[in-house]
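Visitor: Quick one: structure below, then a few questions.
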């Protein structure tokens, strides 16, 4: 999904009904979107949407990411890798699958 701005610029938007969304938090806030896509796409295929943002917890900043994988098998492979610390092996990193079903 994408949105076309006046003037023709396009920007991807999140598909909140996707079955392949994952939310990751407690990441170092210096992680770059480009680095994330470059490191994950060769392993898990196309990632349709990546968004990073900052939040605060106990007075400290923490990085958060939403990823939308192109396939459920890619999401499952990623979930196994992050659980076993093969991906995002930083102290305190956690994740969960989204199942929003918003209509």
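In the numbering used here, the protein residues as written are 6 to 108. Ideal Cβ placement from N, Cα and C applies to all residues, glycine included.
Which two residues bound the contiguous alpha helix (DSSP H) that contains residue 39?
Guide: From DSSP, the alpha helix (DSSP H) with residue 39 extends over 38-49.
Visitor: Evaluate the contact criterion for the stretch 62-79 versus the stretch 17-30: three or more CB pairs, one atom per stretch, below 8 Å.
Guide: Short answer: they touch.
Visitor: Inspect the CB distances between the stretch 71-81 and the stretch 10-25 and report whether three or more fall short of 8 Å.
Guide: Touching, per the Cβ criterion.
Visitor: Using only the alpha-carbon positions, how far apart do residue 51 and residue 63 sit?
Guide: Residue 51 and residue 63: Cα-Cα distance of roughly 35 Å.
Visitor: Less than 8 Å between the C-beta atoms of residue 103 and residue 92, yes or no?
Guide: No, the pair does not count as a contact, with Cβ atoms beyond the cut-off.
Visitor: As a quick exercise: from 101, 85, 95, pick the residue whose alpha carbon is nearest that of residue 36.
Guide: Answer by Cα proximity: 95.
Visitor: Where does residue 104 sit, in a helix, a strand or coil, going by DSSP?
Guide: Three-state result, residue 104: coil.
Visitor: Can you tell which of 14, 24, 12 has the C-alpha that lies nearest to the C-alpha of residue 78?
Guide: Minimum Cα distance to residue 78 is reached at 24.
Visitor: Alpha carbons only, please: which of 87, 97, 98, 101 is nearest the one belonging to residue 48?
Guide: It is 87.
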